[in-house]
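Scroll down for the structure; my scribbles are underneath it.
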Ligand SMILES: Cc1ncc(COP(=O)(O)O)c(C=O)c1O
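Numbering (my numbering), first residue to last: 3 to 426.
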C-alpha cells in the first residue's frame, strides 16, 4: 500500500466495513469508508490517502475542501440555504449570466442533477415544437449514449440493461447509430423536435463525436426546425480544457445541459437555451422546489470564477496532455491496451481485457479510477491537478498495468457490453 497516513478524527464513528442492510441494492461498493478530502486526495476511515482520478464521477473539479468554495458555502449556510423559486435571491441571475457567457446561449433554468437537466431540455424542445406542429414529437439520440436514469433521460439512454426493467419509457425516442451519417439522415424529418448528443460520450467509454457527424446533425436540425441539444453534463464546464466540449465544432447547439461540477459538489444542474427556444416556456409550465438555491448558486459562481481567475482551463489542457502522453507510453509497454483517448482531463484507456480488476488494484495502491463499458478505464481528475500528481498517477498506473491480465484478449466493447463495471 503506497498511500500515506493522515489523521482522520471522524474514523471512530464508522465501522471499517459498514453493513448496508437499509440501503437499496443499487451499487457495488468497495469496503473503504471515505471520511474527508483535501485537494486532489480522499482519506478513508483508516487515515489512508487516495489520489482521486474519478472525483465523484466528474463532480469535484476543484478537488476537496477548496478554500474559496469552503468560504462561500460557510457564508451562505449562515444566511439562507434555500428560499425557493417563488422569490429572487442574489445569485441566480449573475450565475445565469455567466453560464450564458460561457456557452454563447441566452437563458438558464436551474435543476438539481444531470437527469433533471435532461428532463427540462426535452420538455423545452417538446413545448417549442408543439407551437409549430402537434406531431413534431420525435427525439433522436445516439446508440451508446447515457443521459440519466429518470424516465425521460432513460428513454434517450440506449443501454438495454438500464432500460428494460422500467419499460414502457417515454414514447417518441429513437436511436441513431453513432457516426453513421446515412442513418442520421434517414431518421431525421420535420416530425423531430430534438436531437440530443454528448460531444464526448462519457459513460459510453469517452468517445468523441466527429466534426462531420456534429455538423450534419446541426445542418439537419436547422433544416427540420429541431433543437440540437448538447449534453455537456460530463464534458462541460472546463473538463476538456474549453468551457464546453461542443466549442471545438463550428456549429452551436440550441440547448446545453450541465450539472456535475457546477456547484463544487453541491447538487446543481441547469439547462441553457437560446432566446428562441427559451421563449416556449411561460410561468407555470416548468418548475423546481430546490433548483438554483442561494447556497448552490453562490458556490457555482465561485466555481466558475475560480476556473477563470486561476486560469484552470490552461491547467486542464496542459495536465491532460502530460497524462495522455504518459498513458500512451504505458499502453505501448503493457501490450493489452487498445487505445488511449479523450480530451483535457476527460481521458480513457481501453483495454483488451476486463477493467474491474485494474480498478481494484489501483485502489489498493491508493488511486481512485473507474471502469465503464467493462473494458474502459476512465480518468476524470480535478482541474487543480499539479505536475506532482500527474507523476504520482503515472507511477501508480505503471505498477497497476505491470500485472498482466489472467485471461487472453477478448474483443467486446460498445453498447450492451455492460456489467458490474458500469457504475453510474
Ligand atoms: C452525459 C451525462 N448525462 C447525464 C447524466 C446524468 O446525470 P445525473 O447522474 O446527475 O442525473 C450523466 C451522469 O453521469 C452524464 O454523464
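Even for Gly, the Cβ is constructed at its ideal location relative to N, Cα and C. Bear in mind that the values here come from a model prediction, so they are computed numbers and not experimental data.
Element boundaries [beta strand (DSSP E), containing residue 345]: 339-345
Residue 224, buried or exposed, once every other Cβ within 10 Å from all chains shown has been counted against 16: exposed
Nearest to residue 120 (by Cα), restricted to the options 313, 52 and 261: 261
Opposing strand residues paired with residue 271 [DSSP bridges]: 113
Heavy atom of ligand 1 within 8 Å of residue 205 beta-carbon: yes
Alpha-carbon spacing of residue 40 relative to residue 267, whole angstroms: 13 Å
Assigned secondary structure, residue 182 (DSSP; H/G/I helix, E/B strand, else coil): coil
Residue 430 CB to nearest heavy atom of ligand 1 below 8 Å: Summary: the structure shown does not reach residue 430, with the chain confined to residues 3 through 426, and so no result is reported for it.
CA-to-CA distance, residue 166 to residue 299, given in whole angstroms: 36 Å
Near ligand 1: residue 148 beta-carbon under 8 Å from a heavy atom: yes
Residue 59: first and last residue of the uninterrupted alpha helix (DSSP H) it sits in: 57-60
Rounded separation between residue 308 and residue 242 - CA only: 16 Å
For residue 213, three-class secondary structure by DSSP: helix
Distance, residue 208 Cα to residue 221 Cα: 25 Å
Near ligand 1: residue 118 beta-carbon under 8 Å from a heavy atom: yes
Ligand 1 heavy atom lying under 8 Å from the CB of residue 237: yes
Proximity below 9 Å, CB of residue 247 to CB of residue 217: no
Limits of the alpha helix (DSSP H) - the one that residue 399 falls within: 389-404
The beta strand (DSSP E) enclosing residue 287, as first and last residue numbers: That residue, residue 287, is in no beta strand (DSSP E); it is neither H nor E in DSSP.
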